[in-house]
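Engineer:
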Ligand code: MTE
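In full-length UniProt numbering, the protein residues as written are 56 to 454.
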């Protein structure tokens, strides 16, 4: 019996830590098979502690505050939020900064648990742009950051972090407060009844069970902002990091935008490929994403250890799912993230079975619109985050 006994969960999810808190990913093939939108049942979960218990009856009265360096601080219920502000709906891929950390842990143990490559999922989120709340709150001149705090009480205080106010005010970034996922009330594990959503950035910035927005001059001093979600220099060992707070207080190492990444879902790693009586072609498949609204512009496959690369087909279901329930600010400004991409895309490539025979490894690498490419080599760091070297599966041929 855990504090989360009230939370429904799918038995297909793979637990990455002990019984509690709940940290899970789906089997990669099952995640991939669901397609563009991930069902709540298979959506990855990253919880630092117990899930706040909020009944459906309590949802309208959920209160959150906007405070700090603003002319008009206020407290709002979720009901008021939805009555007073325009709602938008858009698809967003969330990715834990620890996605693919297992590969880092195999090279050298990091301080984090081993995510496979399914620490990512996509939802269709509905809510209100945070910028609209800022227009009411009126940030003061010195204000530069928006700190967010959740309702989950943890060993080091409430979970919290921050983003830049200028990002919040930029409608291209689509930063919002969301109360629905895939048209339904947010599931308890994903922030019921209200969460922040920071598209294009690591999942750790999208605070769940949101209670407070605090406008400040500097970045958050919350423990989880300082000691989580960072890529420290490779030379900093776990001991050095543990004994020197200076590494954690240096905002330059905090992660915001996701980096470019791609993985192979089919075939699975170590899959026994039955190539003997197989059809002539095998379809290699997987996903790719990048950060900061940057679109993936290519995915390339190598079956000869990176000597030569073939261009895969890439599909962007995001373009079909985009919905604009309202235009922003009473129609003055069109909701703008038409040119930005906040979702994963899917690549595929047909390869002759004859060619796969004898190929021990299959590699994928992607590039985004800023020509950011996945590196060949791993950048290991203490927290094992943002792992994105060329993704490799090893296949075995059946006898
Ligand atoms: N918000 C709160 N309040 N508490 C948390 O533990 N985890 C963060 C973020 N927001 C967390 C949180 C992390 S590290 C990630 S990756 C995402 O939530 C995961 O969101 P999900 O569980 O809905 O997939």
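Ideal Cβ placement from N, Cα and C applies to all residues, glycine included.
1) Just the C-alpha distance for residue 266 and residue 364, rounded to the nearest angstrom, thanks.
2) Below 8 Å between beta carbons: does that hold for residue 420 and residue 373?
3) According to DSSP, which residues form a beta bridge with residue 231?
4) Is residue 106 near ligand 1, with its Cβ less than 7 Å from a heavy atom?
5) So, under 8 Å CB-CB, residue 200 and residue 220 are touching, yes? Tell me the CB distance rounded to an integer number of Å.
6) Using 8 Å as the cut-off, can you tell me whether the stretch 133-140 makes contact with the stretch 283-300, which would need three or more C-beta pairs spanning the two stretches below that distance?
7) Return the chain-ordered list of same chain residues with a C-beta closer than 6 Å to the C-beta of residue 198, the five sequence neighbours on each side being excluded.
8) Could you pull out every unbroken alpha helix (DSSP H) segment of at least 4 residues lying fully inside the stretch 238-322, listed in chain order?
9) Once you ignore the five residues that flank residue 451 on each side, which residues in its own chain have a CB closer than 6 Å to its CB?
10) Would the beta-carbon of residue 150 fall within 8 Å of that of residue 244?
11) Can you determine whether any heavy atom of ligand 1 sits closer than 7 Å to the C-beta of residue 149, and answer yes or no?
12) Compare the beta carbon distance of residue 167 and residue 439 with 8 Å and say whether it is the shorter of the two.
13) By Cβ distance, which residues of its chain are closer than 7 Å to residue 261, with the 5 residues on each side in sequence left out?
14) With distances taken Cα to Cα, identify the nearest neighbour of residue 339 among 345, 357, 349, 350.
15) Determine the closest residue to residue 65 out of 56, 75, 94, 76, with distance taken between C-alpha atoms.
16) So, is residue 163 buried or exposed, given that buried needs 16 or more other C-beta atoms within 10 angstroms?
17) Per DSSP, what kind of secondary structure is residue 176 in: helix, strand or coil?
18) Looking only at its own chain, which residues have a Cβ that is under 7 Å from the Cβ of residue 306, when we skip the five neighbours before and after it?
19) Short of 8 Å in beta carbon distance, which residues of its chain neighbour residue 448, apart from the five on each side in sequence? Order them along the chain.
20) Using CA coordinates, which residue listed in 115, 114, 113, 131 is at the minimum distance from residue 121?
21) Buried or exposed: residue 59, going by 16 or more other Cβ atoms within 10 Å of its Cβ?
22) Tell me residue 353's beta-bridge partners as DSSP assigns them.
23) Within a Cβ cutoff of 7 Å, which residues of the same chain sit near residue 74, ignoring the five residues on either side of it in sequence?
24) Shorter than 7 Å, the distance from the beta carbon of residue 205 to the closest heavy atom of ligand 1, or not?
25) So, with DSSP's three-state summary, where would you put residue 114?
26) Quick one: using the 10 Å Cβ neighbour count with 16 as the cut-off for buried, is residue 236 buried or exposed?
27) Would residue 129 be called buried (16 or more neighbouring beta carbons within 10 Å of its own) or exposed?
28) Need the endpoints of the alpha helix (DSSP H) that residue 83 sits in, please.
29) Along the chain, where does the beta strand (DSSP E) that runs through residue 64 open and close?
30) How would you label residue 217, buried or exposed, when you count the other beta carbons within 10 angstroms and need 16 or more for buried?
31) Closest by CA to residue 311, which one among 257, 424, 293?
32) Can you tell which of 147, 401, 81, 208 has the C-alpha that lies nearest to the C-alpha of residue 346?
33) For residue 192, which of helix, strand or coil comes out of DSSP?
Structural biologist: On the basis of the data shown:
1) Reading the chain shown from its first residue, position 211 is the one you call residue 266. Reading the chain shown from its first residue, position 309 is the one you call residue 364. Between the C-alpha atoms of residue 266 and residue 364 there is a straight-line separation of about 48 Å.
2) Counting from 1 along the chain shown, the entry for residue 420 is found at position 365. Counting from 1 along the chain shown, the entry for residue 373 is found at position 318. Not in contact: residue 420 and residue 373 (Cβ atoms no closer than 8 Å).
3) In the chain shown, the residue the question calls residue 231 occupies position 176. The partner list for residue 231 (beta bridge, DSSP) reads 184, 252.
4) Position 51 of the chain shown holds residue 106. The closest heavy atom of ligand 1 lies 7 Å or more from the beta carbon of residue 106.
5) For the purposes of this step, residue 200 is taken as residue 145 along the chain shown, with counting starting at 1. For the purposes of this step, residue 220 is taken as residue 165 along the chain shown, with counting starting at 1. Rounded to whole angstroms, the Cβ separation of residue 200 and residue 220 is 6 Å, and the two are in contact under 8 Å.
6) A contact between stretches requires three or more CB pairs, one per stretch, nearer than 8 Å, and the stretch 133-140 fails this requirement with the stretch 283-300.
7) Numbered from its first residue, the chain shown carries residue 198 at position 143. Around residue 198, the same chain offers 124, 220, 270 as residues with beta carbons nearer than 6 Å, after the five sequence neighbours per side are excluded.
8) The stretch 238-322 contains these whole alpha helix (DSSP H) runs: 278-282, 293-298, 301-304.
9) By 1-based counting over the chain shown, the position of residue 451 is 396. The beta carbon of residue 451 lies closer than 6 Å to those of 327 in the same chain, with the five residues before and after it left out.
10) Taking the first residue of the chain shown as 1, we reach residue 150 at position 95. Taking the first residue of the chain shown as 1, we reach residue 244 at position 189. The answer is no: Cβ separation not under 8 Å.
11) Against the chain shown, residue 149 aligns to sequence position 94. Result yes, Cβ under 7 Å from ligand 1.
12) On the chain shown, residue 167 is found 112 positions in, with the first residue counted as 1. On the chain shown, residue 439 is found 384 positions in, with the first residue counted as 1. Closer than 8 Å, so yes.
13) Along the chain shown, read from residue 1 onward, the residue named residue 261 stands at position 206. Taken in chain order, the residues that qualify are 149, 250, 251, 252, 253.
14) As a working note, residue 339 is residue 284 in the chain shown. Distance from the Cα of residue 339 is smallest, within the candidate group 345, 357, 349, 350, for 357.
15) Residue numbering aside, residue 65 sits at position 10 when the chain shown is read from its first letter. Its Cα nearest to that of residue 65, the residue 94 stands out among 56, 75, 94, 76.
16) Residue mapping note: residue 163 aligns to position 108 of the chain shown, counting from 1. Burial is judged here by how many other beta carbons sit within 10 angstroms of a residue's own beta carbon; residue 163 has fewer than 16 and is exposed.
17) Start at 1 with the first residue of the chain shown, and residue 176 comes out as number 121. Three-state DSSP puts residue 176 in a strand.
18) Working through the chain shown from its first residue, we reach residue 306 at position 251. Counting only Cβ-Cβ distances below 7 Å, and skipping sequence neighbours, we find 274.
19) The residue you call residue 448 lines up with position 393 of the chain shown. Only 319, 322, 323, 324, 325, 326, 416, 417 meet the Cβ criterion.
20) As a working mapping, residue 121 is identified with position 66 in the chain shown. The option with the nearest alpha carbon to residue 121 is 131.
21) For the purposes of this step, residue 59 is taken as the residue at position 4 of the chain shown. Its Cβ being crowded by 16 or more others within 10 Å, residue 59 is buried.
22) On the chain shown, residue 353 is found 298 positions in, with the first residue counted as 1. Assignment of beta-bridge partners to residue 353 by DSSP yields 422.
23) Stepping through the chain shown from its first residue, residue 74 is reached at position 19. So the qualifying residues of the chain are 57.
24) For the purposes of this step, residue 205 is identified with residue 150 of the chain shown, where counting begins at 1. For ligand 1, a non-hydrogen atom lies closer than 7 Å to the CB of residue 205.
25) Here residue 114 is taken as the residue at index 59 of the chain shown, counted from 1. Three-state result, residue 114: helix.
26) Here residue 236 refers to the residue found at position 181 when the chain shown is read from its first residue. Residue environment for residue 236: buried (at least 16 other C-beta atoms within 10 angstroms of its C-beta).
27) Here residue 129 corresponds to residue number 74 of the chain shown, with the count starting at 1. Under this definition residue 129 is an exposed residue.
28) The count along the chain shown starts at 1 and reaches residue 83 at position 28. Unbroken alpha helix (DSSP H) run through residue 83: 83-88.
29) In the chain shown, residue 64 corresponds to position 9, counting from 1. It is not in any beta strand (DSSP E) - residue 64 carries neither H nor E in the DSSP assignment.
30) In the chain shown, counting from the first residue as 1, residue 217 sits at position 162. Around the Cβ of residue 217, a 10 Å sphere holds 16 or more other Cβ atoms; the residue is buried.
31) Position 256 of the chain shown, counted from the first residue, corresponds to residue 311. Closest option to residue 311, Cα to Cα, is 257.
32) Taking the chain shown and counting its residues from 1, the one referred to as residue 346 is at position 291. If you compare the alpha carbons of 147, 401, 81, 208 with that of residue 346, the shortest gap goes to 147.
33) Residue numbering aside, residue 192 sits at position 137 when the chain shown is read from its first letter. Of the three classes helix, strand and coil, the one that applies to residue 192 here is helix, per DSSP.
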